[in-house]
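One structure below.
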Amino acid sequence: MKFLVMNGVNLNLTGKREKGVYGTATLDEINEKIAAFCKANGDSVEFYQSNIEGELVNKLHEGYLQRSYDGIIFNAGAFTHYSYALRDAIAAIDIPVAEVHMSNVHAREEFRHKSVLSEVCKGVVCGFGAASYISAIVGLKS
Ligand code: DQA
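Each residue of the sequence shown is one higher than the last, beginning at 0 in numbering that gives the first Met the number 0.
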């Protein structure tokens, strides 16, 4: 299968920001682990990160229009909690999208308990750090 792992706002600082919450592994290190997992399973994977909502929307559209991926693993960061634009983009495409969070958003501040994306995603994984991404890939493959 062909996967896209997409990270949104502030995720480029993973490993450097709020280490107690998100750990010390950088996004590149996490992506290396994901790439190794996909390779071992005969799957291909691409990575994309942007802090800009519209660029994330464009990437979803491109993947859909060019039929590039069988599944998308998406950590939208704080956009999760309020971006109706990303929600509509996910609803617009017929590629299954898995919502991912490294932290357990339900054990944190109240504003993080609400996701405007979950309803249009195939599934949601949170709380397992880098393993959240890998669990979502397992879910999309099943
Ligand atoms: C996050 C959780 C979000 O609430 C937060 O805004 C992030 C990261 C996570 O991976 O745990 O930036 O998506």
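Even glycine gets a Cβ: it sits at the ideal position worked out from N, Cα and C.
| task | Pull every residue with its beta-carbon under 6 Å away from any heavy atom of ligand 1, and keep them in chain order. | result | 9, 74, 76, 77, 79, 100, 101, 102, 104 and 111
| task | For residue 117, name the three-state secondary structure that DSSP assigns. | result | helix
| query | How would you call residue 35, buried or exposed, if buried means at least 16 neighbouring beta carbons within 10 angstroms? | reply | exposed
| task | Note down the Cα distance separating residue 140 from residue 19, rounded to an integer number of angstroms. | result | 31 Å
| message | Rounded to whole angstroms, what is the Cα-Cα separation between residue 66 and residue 136? | response | 18 Å
| Just the Cα atoms here: how many angstroms apart are residue 116 and residue 57? | 16 Å
| said: If contact is defined by three or more beta carbon pairs under 8 Å, each pair taking one atom from either stretch, is the region 85 to 94 in contact with the region 122 to 136? | reply: no
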